[in-house]
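Chains as they are written, first to last, in this note's numbering: chain A, 17 to 167; chain B, 55 to 459.
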Amino acid sequence: MSELRELYQEVILDHNRNPRNFRKLELHSHHANGHNPLCGDKLELFLEVKDGMIKDIAFIGSGCAISTSSASLMTQFLKGKSVAETRRYFDHFHDLVTGQELTAEDLEGLGKLAVFAGVQEFPVRVKCASLAWHTLMNALESTAKTAQTED
Amino acid sequence: MFDIQNIRKDFPILGIEIHGKPLVYADNAASTQKPQQVIDVISDLYTKNYANIHRGVHQLSQRSTALYENARETVQKFINAESSQEIVFVRGATEAINLVASSYLDPLLEQGDEILISEMEHHSNIIPWQMLAERKRASLKIIPLLENGELDLETLPELLGPKVKLLAVTQMSNSLGTINDVSSMIRQAHAMNIPVLLDGAQSIAHIPIDVQALACEFFVFSGHKIYGPTGIGVLYAKKKVLEGMRPYQGGGDMILDVSFEKTEFNEVPYKFEAGTPNIEGAIGLATALDYVSELGVANIDKYEQKLLKYATVQFEAIQGLRIIGTAACKGSVISFVIEGIHPHDIGTILDMEGVAVRTGHHCTQPVMDCYNIPATTRVSLCFYNTKAEVDAITGAIKKVKELMG
Ligand SMILES: Cc1ncc(COP(=O)(O)O)c(C=O)c1O
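Pasting the structure below:
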């Protein structure tokens, strides 16, 4: 049971029961849908980006405890951070859940997200934990492309 | 009559441990485990009898050809087909359905025609028809589901209209467990001269099948769901129907005479078995069918029904658990949801307890949509499962609630 306790930590269960930033952003600059066909997890992510900064970020959808809490904690974590930093955090989060080495400094940089370290013992659940992050990268990239064509 | 401990000894994998706990294998609707007899016959083939079939005059080729063709007769007897020529070996239920779509229905189907299926079909009994209908500008009609997981058969007379060219329906639902009253459906379809394909992927391992009594034109199933190998399955079709169908794939073995101008196709069923087939698959399947016959499908059914009743009572007693699919006539499949806990989390926690179940939409997304749920947890039992295992599953579900509650 100890690996399960590591996976389903109180923080994760809390964010699953009461996801934060769980709403639509009517006014948003970036948006993407995420879907994990294996387990049917679906989420929709909204961002309000201004001057390269994430002013607001929110999501809606349905999924397992890992994917819901990951989306919830991600939105809390990213609010107020710069778009330029997100790629680095994406990589660090990915390393965390797949069990790659992270420097102490990088791990500290992830703050509360470190609770997802338990996922590395459950390889089939990596997709659940990273769904919100992949959706984030799609949201930022797709709109960046649209922005380019408008130039 | 049913010596469960001895039966379990035939399935070596049932003795292993998962995460330090005895395996409780309850994912039989996805695929079943194999008895030693099946493992041995494949190993024997490769160590003593193997060569390509229908080709060589040499001794080994004759031996493996005989084993392969005997396998066809075993299948014929198992489903009570009239002739072994009505048995086509394919990769599985999915390929069998695609074969019927492409060799039987495609040439017949015209713009505006209809193909009738049901809301509880596995994707493999939806997509081939959908693809064909799209190509031919025909349409799919759907027999709707009722809240309890039964088909709403009152809609059938109206749905079986003059434009319907085929009724394709499952005999047993893989996600709800519902066993459909296919005899009545076939009778009604035939009254309108509409041929019927039965998807027997689930039913084959649980209820006795007699294709002559059913009188369906087509019956399909996969070997791996009836204790046989993967990669082998069966298309049964009435001989007359089969003879009228065009070939599915071209290649060796399906021809009588070839020149660059013209090819004369082989007789049925060989016309539909292009290339070197899954020889060990067919032989393994026949051994699996022999194994099941020896236990007796009727005995299996009786045992599984008892187990289903027991499990249903145990699960229903768990607070917050709701069973999806409560048809009066069901096979040993229990799909459920628990309030506030996603099936994927349930699946992970059960796995740590050694319990193998399936979570997700079970390739039946329309069923999930009908119940407005993204997924279920599915416990599917068979004759080698025990009451003690049901207790272990019940205990594991209670742990899920403790951990996630
Ligand atoms: C009802 C039903 N039909 C068809 C299939 C497809 O079988 P296969 O994947 O072996 O071709 C399945 C398998 O899950 C099934 O349960």
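Where a beta carbon is used, it is the ideal one built from N, C-alpha and C, also for glycine.
- Taking CB atoms only, B/D423 has no neighbour in chain A less than 8 Å away.
- Taking the Cα positions, A/T114 is about 11 Å away from A/D107.
- A residue is called buried when at least 16 other Cβ atoms come within 10 angstroms of its Cβ; B/R126 meets this threshold and is buried.
- With a cut-off of 7 Å, the C-beta of B/Q419 is classified as distant from ligand 1, since no heavy atom of the ligand falls inside that distance.
- Shown here, A/H51 sits in a strand according to DSSP, grouped into three states.
- With respect to the 8 Å criterion, A/G50 and A/L147 are classified as neighbours on the basis of their beta carbons.
- Our two residues, A/P139 and A/T151, have alpha carbons roughly 19 Å apart in a direct line.
- Here A/R141 really is in contact with A/I82; their C-beta atoms are around 5 Å apart, less than 8 Å.
- Of the candidates B/P211, B/T209, B/K217, B/K217 places its Cα closest to the Cα of B/A187.
- Listed by position along chain A, the residues whose Cβ is nearer than 9 Å to that of B/P428 are C55, G56, D57, K58, S78, G79.
- For B/F319, the uninterrupted beta strand (DSSP E) run begins and ends at 317-319, by DSSP.
- Residues of the same chain with a CB within less than 8 Å of the CB of B/N320, apart from the 5 flanking positions on each side, are D307, M308, I309, L310 in chain order.
- Taking 3 residues as the minimum length, the beta strand (DSSP E) runs contained wholly in the segment 383-426 of chain B are 387-392, 412-414, in order along the chain.
- In this structure, the alpha-carbon of B/G335 lies about 9 Å from that of B/H278.
- F138: these are the residues of the segment 121-138 of chain A whose beta carbon lies less than 8 Å from some beta carbon of chain B, given in chain order.
- Using a CB distance cut-off of 8 Å, A/L20 counts as an interface residue toward chain B.
- Summarising the contact set, residues whose Cβ lies nearer than 5 Å to any heavy atom of ligand 1 are, in chain order, B/G146, B/A147, B/T148, B/H176, B/S178, B/T224, B/N228, B/D253, B/A255, B/Q256, B/S276.
- Around the beta-carbon of B/M246, fewer than 16 other beta-carbon atoms lie within 10 Å, marking it exposed.
- In the DSSP assignment, the residues bridged to B/A291 are B/F272.
- Each residue's CA atom was taken as its position, placing A/E19 and A/G134 some 7 Å apart.
- Here DSSP, grouped into helix, strand and coil, assigns B/V444 to helix.
- Per DSSP, the continuous beta strand (DSSP E) segment holding B/D253 begins and ends at 250-253.
- Under the DSSP assignment, B/A222 falls in the beta strand (DSSP E) whose first and last residues are 218-224.
- Identification of residues in the segment 379-409 of chain B having a C-beta nearer than 8 Å to some C-beta of chain A yields G394, I395, H396, P397, H398, D399, T402, I403, M406, given in sequence order.
- For the segment 93-107 of chain A, the set of positions with a beta-carbon nearer than 8 Å to some beta-carbon of chain B is empty.
- In chain order, Q225, I263, F273, V274, F275 place their CB closer than 7 Å to the CB of B/G254, counting only its own chain and leaving out the 5 sequence neighbours on each side.
- The Cβ-Cβ distance between B/P323 and B/L296 falls below 8 Å.
- At a cut-off of 8 Å between C-beta atoms, A/R141 counts as an interface residue with respect to chain B.
- B/I248 is the residue among B/P198, B/D206, B/A192, B/I248 whose C-alpha sits nearest the C-alpha of B/L214.
- Apart from the 5 residues on each side of it in sequence, B/T209 sits with its Cβ closer than 7 Å to the Cβ of I197, P198 in its chain, given in chain order.
- With at least 16 other beta carbons inside 10 angstroms of its own, B/I240 counts as buried.
- Neighbourhood of A/L29 in chain B, by CB distance below 7 Å: M458, in chain order.
- Taking the C-beta atoms as reference points, A/V99 is found nearer than 8 Å to A/L156.
- Excluding its 5 nearest sequence neighbours in each direction, B/T119 has C-beta neighbours in its own chain below 7 Å: I107, H108, listed in chain order.
- Where B/R376 is concerned, the enclosing beta strand (DSSP E) starts and stops at 375-378.
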